[in-house]
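The numbering of the sequence shown is the working numbering, which starts it at 116 and goes up by one.
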Amino acid sequence: MAGLKGNWLSLFFCLCFISAAAFSASPSVSSTTHPNGQWASAPSVIISVSFDGATKFIYSVDKNPDTVPAEGATEVDAKSGAAAINLPNKLDGIYWFHVRARAASGLSDVSHWELKVDNSPPGRPENIVGTANADGTATLSWSEPKNDLSGVVSYDVYRSSYRGIKDEQSGILKDFTPRDRGVINIASDFKGTSIIDSNFDVGKGKPFFYRIQALDAAGNFGAISGVITIRTASLCDLSLVVDANVSDGNLNISALSDSEFDRGRLTVTGPDNAQFVLIEKISNVKSVYSSLSLDSKPDGDYNISFVGYDPEGDLCAVQKIFPYDTVAPSAEIVSPPSSRQLSGKVSFGVDAKDSGTSPSGISSVSIFLKSGPSESKLCDAAESGGKYSCEWDSSATENGRVTIIARAFDRGGNKAENSLNYTVYNTGALRSAADSAIKAAEEKKKAAAEQVSSLKSKGVDASLAELALPSADSNLSYAKSLLDRNQFFELSVNAAKSAESAYAAAISRILVQQYGSRAYSYNASQLDVFLKSSGIDASQVTEAKALIAKFSPSRRLEVLKVTVDGNDSYRANIVISFSSPDRNKFSINIVEAIPKAFASSASLVSSPRQFTVLASDPAIAFMGVAVDGNSGKGAEAVYFLKAGLPKAKADELLDSNVMNYFVSPPILLNGSTKPLYSAPMDLPVPDIKLPKLEGKWTVIAIAGALFLLFLVFAAIAAGVGIWYFFLRKQPSGFSGGGSVPKRQRKRGWWLAVSIAS
116 MAGLKGNWLS LFFCLCFISA AAFSASPSVS STTHPNGQWA SAPSVIISVS
166 FDGATKFIYS VDKNPDTVPA EGATEVDAKS GAAAINLPNK LDGIYWFHVR
216 ARAASGLSDV SHWELKVDNS PPGRPENIVG TANADGTATL SWSEPKNDLS
266 GVVSYDVYRS SYRGIKDEQS GILKDFTPRD RGVINIASDF KGTSIIDSNF
316 DVGKGKPFFY RIQALDAAGN FGAISGVITI RTASLCDLSL VVDANVSDGN
366 LNISALSDSE FDRGRLTVTG PDNAQFVLIE KISNVKSVYS SLSLDSKPDG
416 DYNISFVGYD PEGDLCAVQK IFPYDTVAPS AEIVSPPSSR QLSGKVSFGV
466 DAKDSGTSPS GISSVSIFLK SGPSESKLCD AAESGGKYSC EWDSSATENG
516 RVTIIARAFD RGGNKAENSL NYTVYNTGAL RSAADSAIKA AEEKKKAAAE
566 QVSSLKSKGV DASLAELALP SADSNLSYAK SLLDRNQFFE LSVNAAKSAE
616 SAYAAAISRI LVQQYGSRAY SYNASQLDVF LKSSGIDASQ VTEAKALIAK
666 FSPSRRLEVL KVTVDGNDSY RANIVISFSS PDRNKFSINI VEAIPKAFAS
716 SASLVSSPRQ FTVLASDPAI AFMGVAVDGN SGKGAEAVYF LKAGLPKAKA
766 DELLDSNVMN YFVSPPILLN GSTKPLYSAP MDLPVPDIKL PKLEGKWTVI
816 AIAGALFLLF LVFAAIAAGV GIWYFFLRKQ PSGFSGGGSV PKRQRKRGWW
866 LAVSIAS
């Protein structure tokens with residue numbers, strides 16, 4: 116009985132293990148369009164899923180590789196435990212397909228399938244360089260085109276013996292394509308961006324034409340490159356030249372060499388591939404001449420080939436493609452219109468086209484000027500987008516009626532002309548004067564804007580200067596509009612000069628000079644004492660000390676003399692500055708405990724930079740001062756007394772020791788640190804311990820006498836200083852009009868007693 120019970124338990128645990136294993140399995144996934152983790156170009160996705168006993172599949176698609184579809188996700192019915200899922204078209208990118216099977220035992224584990232979609236072809240290979248190697252082979256190199264997704268994996272390199280292939284339907288000569296007859300794919304699925312081509316009869320000095328096409332990992336072929344031509348090197352010791360021209364209906368050909376050749380052979384292949392042997396074999400000569408009648412011959416490219424052998428028996432070859440074209444091109448001047456006067460620099464636009472059954476193409480377009488019986492060439496036009504254009508400076512041409520001629524030639528030597536009559540009218544010096552006046556006004560406008568900005572940064576009211584700017588701007592705009600229309604240059608000059616004068620008046624109306632300055636200094640060894648007495652919270656002293664040591668902030672008093680319409684006033688500014696030794700960007704908070712000797716309340720100071728009042732005692736904080744160490748420039752914060760000072764008060768401020776009332780250097784905290792602040796404490800005077808004197812008694816006696824003399828002088832100086840700085844009344848212009856506070860007087864007496872003792 117016990118054995119039977121043990122068998123039942125074993126069977127139970129076995130069934131549980133099988134059920135758990137079945138429940139923990141995940142669906143099988145496959146795709147004919149998008150293999151797992153591989154790039155594919157098809158935007159439509161077909162996925163097959165299967166799971167034994169599945170009745171449904173739930174799935175989702177996103178860009179997260181670990182998503183687990185939950186109840187409520189998209190469902191699809193299963194047939195015999197399988198299903199085919201057609202996903203909506205996907206844009207380029209990487210996606211994840213997540214699927215679970217629903218069976219009698221519940222939901223299965225999830226299967227993940229990575230979908231990579233790239234339907235964007237790579238760009239054209241650029242910067243193609245073709246080199247004819249000394250051994251007769253050819254080297255091609257290029258830059259990899261841009262492909263942001265699957266990336267370029269290989270290239271196809273095509274070679275043709277002809278640059279252009281005539282289109283059988285339109286008859287137009289076009290750059291060869293991979294599908295054209297005679298084009299060879301010399302490197303299919305080529306890895307790399309440089310290839311040596313030797314798959315030809317090396318050493319014949321023949322020209323070859325190449326194009327390159329990129330393929331990305333998703334199977335997208337990119338746009339094919341432009342045509343690059345390489346004339347391979349000849350191993351022949353002869354220098355051969357072939358020339359040709361058409362006269363009296365004949366193609367006249369000459370082949371010249373610098374030395375005698377043997378077994379020379381001259382052939383011509385027509386555009387219809389008909390071959391004509393003009394010279395079969397000729398030896399011991401340096402030149403040959405022959406002609407081919409073009410009567411009833413088709414227009415198109417005639418490939419002239421001459422081969423021979425040098426004295427050492429090396430094959431020498433030279434080729435020339437002669438375009439035979441009996442149809443003249445067309446040319447039309449499309450811009451500027453003949454109704455427009457020509458002045459200054461003129462841009463001509465010409466529409467030039469070649470036509471016929473086998474057009475040779477436009478070889479040149481030039482612009483000529485005809486004035487009276489004489490004709491002169493103005494410029495050669497460059498082609499861009501099927502149009503031809505060139506620029507001509509008409510300023511040296513005499514005003515009056517002229518004829519402009521556009522003359523176009525095709526490669527077959529045919530010519531086309533088109534002419535239009537124009538009036539040349541140049542104002543020359545007047546336009547130059549207007550241009551110079553406008554530039555001078557713009558410089559003065561820039562200076563005025565900088566002046567206004569500088570005044571505001573120093574706490575100076577710039578409204579009087581700003582009032583003159585709108586009128587000056589209007590005059591400058593009017594001067595520019597006249598110049599743009601090539602009209603009324605005198606008015607343009609006057610308007611620009613008026614604008615310049617107005618800007619200059621705005622600049623000169625408010626003059627600012629530095630009247631005097633005083634710098635703050637402190638004993639760095641006492642920085643701990645200063646910071647603890649500054650009112651900053653003790654928890655922030657260590658951070659402030661480290662930043663002060665790193666950035667070395669400075670503080671200076673600047674008294675500015677401000678002259679407005681000849682009337683002087685004075686401004687008192689405090690400038691805090693520091694620089695960063697690091698090459699990065701960050702922000703700093705600056706805490707400034709302002710002594711009452713400068714301003715009795717925070718309401719009496721202002722700044723172009725926003726600040727927070729920590730205490731009306733006063734104490735302020737400049738929050739989030741941006742510092743860019745990469746710029747090489749430091750940071751600066753300025754605050755100033757709102758009220759101006761008369762000269763006497765300005766002199767009194769400069770003569771006072773107001774900078775000594777600052778309890779600490781500017782306090783720096785990290786931009787993320789909120790300043791914690793309370794009223795500053797009175798500073799104790801640190802103990803001074805004199806070093807022991809060593810040496811002879813005479814030296815000691817002299818030193819003692821000097822020391823006693825120093826004590827007497829210090830006591831006198833302390834008494835005078837206490838009366839001057841602490842007991843007498845301070846200038847009301849910078850202290851709020853009152854006496855030194857009682858706390859400061861007490862600190863003065865305490866300092867005096869300490870020094871005297």
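A virtual CB, placed ideally from N, CA and C, is assigned to each residue, including glycine.
Item	Value
Whether residue 539 touches residue 575 by CB criterion (8 angstroms)	no
DSSP-derived helix/strand/coil call for residue 822	helix
Span of the beta strand (DSSP E), counted from its first residue to its last, around residue 376	365 to 384
DSSP beta-bridge partners of residue 270	305, 329
Per-residue DSSP class, three states only, for residue 590	helix
Check whether residue 875 and residue 329 have beta carbons under 8 angstroms apart	This structure leaves residue 875 out entirely; the chain is present only between 116 and 872.
Stretch pair the segment 346 to 366 + the segment 417 to 427: three plus CB contacts closer than 8 angstroms	yes
Rounded distance between the beta-carbons of residue 440 and residue 529, thought under 8 angstroms	6 angstroms
Nearest neighbour of residue 761, chosen from 683, 404, 381, 570 [CA to CA]	683
In DSSP terms, what residue 294 is bridged to	None; residue 294 has no bridge partner.
Residue 726 (DSSP reduced to helix, strand or coil)	coil
Supposed close pair residue 689, residue 662 - CB separation, criterion 8 angstroms	That belief does not hold up - the Cβ atoms of residue 689 and residue 662 are roughly 19 angstroms apart, past 8 angstroms.
Three-state secondary structure (DSSP) of residue 657	helix
From 306, 271, 361, residue whose alpha carbon lies closest to that of residue 340	271
Three-state secondary structure assigned by DSSP to residue 617	helix
Beta carbon of residue 229 nearer than 8 angstroms to that of residue 334	no
Residue ranges of each beta strand (DSSP E) within the segment 733 to 792, 3 or longer	734 to 743, 750 to 756, 782 to 785
Contact between the segment 548 to 558 and the segment 483 to 495 (3+ Cβ pairs under 8 angstroms)	no
Proximity winner among 711, 694, 736, 757, relative to residue 750 (alpha-carbon distances)	694
Touch test, the segment 698 to 715 against the segment 773 to 791, Cβ-Cβ under 8 angstroms, three pairs minimum	yes
Cβ contact check for the segment 217 to 225 and the segment 164 to 181: 3 or more pairs under 8 angstroms	yes
Validate contact between the segment 564 to 574 and the segment 599 to 612 using beta carbons, cut 8 angstroms, 3 pairs	no
Contact with chain C by residue 676, beta-carbon distance below 8 angstroms	Absent from the structure is chain C; it holds one protein chain and no more.
CA-to-CA distance, residue 269 to residue 234, given in whole angstroms	17 angstroms
Per-residue DSSP class, three states only, for residue 603	coil
Exposure label - residue 178; buried when at least 16 CB within 10 Å	exposed
Distance CB(residue 773)-CB(residue 722) smaller than 8 angstroms	no
Delimiting residues of the beta strand (DSSP E) encompassing residue 396	390 to 397
Opposing strand residues paired with residue 633 [DSSP bridges]	672
In chain order, each alpha helix (DSSP H) run of at least 4 residues that lies wholly inside the segment 523 to 589	544 to 572, 578 to 582
Own chain residues within Cβ distance below 7 angstroms of residue 658, not counting five before or after	784, 785, 788
Close beta carbons around residue 251, own chain, < 7 angstroms, minus the five adjacent residues each side	317, 318, 347, 348, 350
Where residue 609 sits in the DSSP three-state scheme	helix
Residue 717 in three-state terms, based on DSSP	helix
Neighbour-count burial assignment, residue 831, 16 or more Cβ in a 10 Å radius	exposed
Option nearest residue 709 by Cα separation, candidates 289, 782, 180	782
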